[in-house]
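Asker: Residue numbers in the sequence shown follow the working numbering, run continuously in steps of one, and reach 147 at the last position. Don't be surprised by glycine CBs; every beta carbon is placed ideally from N, CA and C. All of these numbers come straight from a predicted model, not from anything done at the bench. Below is the structure I would like to discuss, written out as structure tokens.
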Amino acid sequence: MKSIKVTILGKQYPLKVEDHEEESMIRICKFVDDRFKTYRQQLVKQPESTVMVLAALSIAEELFEVRNANSELENSEEVLMERVNHSLERLLTEIKE
Numbered sequence: 051m052k053s054i055k056v057t058i059l060g061k062q063y064p065l066k067v068e069d070h071e072e073e074s075m076i077r078i079c080k081f082v083d084d085r086f087k088t089y090r091q092q093l094v095k096q097p098e099s100t101v102m103v104l105a106a107l108s109i110a111e112e113l114f115e116v117r118n119a120n121s122e123l124e125n126s127e128e129v130l131m132e133r134v135n136h137s138l139e140r141l142l143t144e145i146k147e
């Protein structure tokens, strides 16, 4: 495990990560920080906790949309593979006859 410090909305947070996760975690933290900063600029009069919650909800919404798209893609690939397999089986049956 490696200790790193990341900064989000001007505050440092210590994290422990595996060596191979360090770069990825830094990118993730930068993404979160950027999103929080964007919301901070748009919601100047709101408390920081509100800004962070709304930004977190925005990130979660994106995650759910991507998961849903991946699920739909996997389902369409499954259907396509079933059709291909069925066609191949039918072709093999015709060849045998």
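Per DSSP, Y63 is paired with what?
Answerer: Its beta-bridge partners are V56.
Asker: Report the three-state DSSP secondary structure of K80 (helix, strand or coil).
Answerer: helix
Asker: Could you tell me the boundaries of the alpha helix (DSSP H) in which H136 lies?
Answerer: 98-146
Asker: Let me check understanding here. Comparing Cα to Cα, which of E68, I54, I145 lies closest to Q62?
Answerer: The shortest Cα separation from Q62 among E68, I54, I145 belongs to I54.
Asker: Taking 8 angstroms as the cut-off, does the stretch 70-78 touch the stretch 98-105 (at least 3 CB pairs, one atom from each stretch)?
Answerer: no
Asker: Going by beta carbon distance, what residues of the same chain come within less than 7 angstroms of I58, once the five residues before and after it are set aside?
Answerer: C79, V82, D83, F86
Asker: Go through its chain and collect everything with a Cβ distance to I145's Cβ below 7 angstroms, but skip five positions before and after it.
Answerer: none
Asker: Use the C-beta contact count for A105: other C-beta atoms within 10 angstroms, 16 or more gives buried, fewer gives exposed.
Answerer: buried
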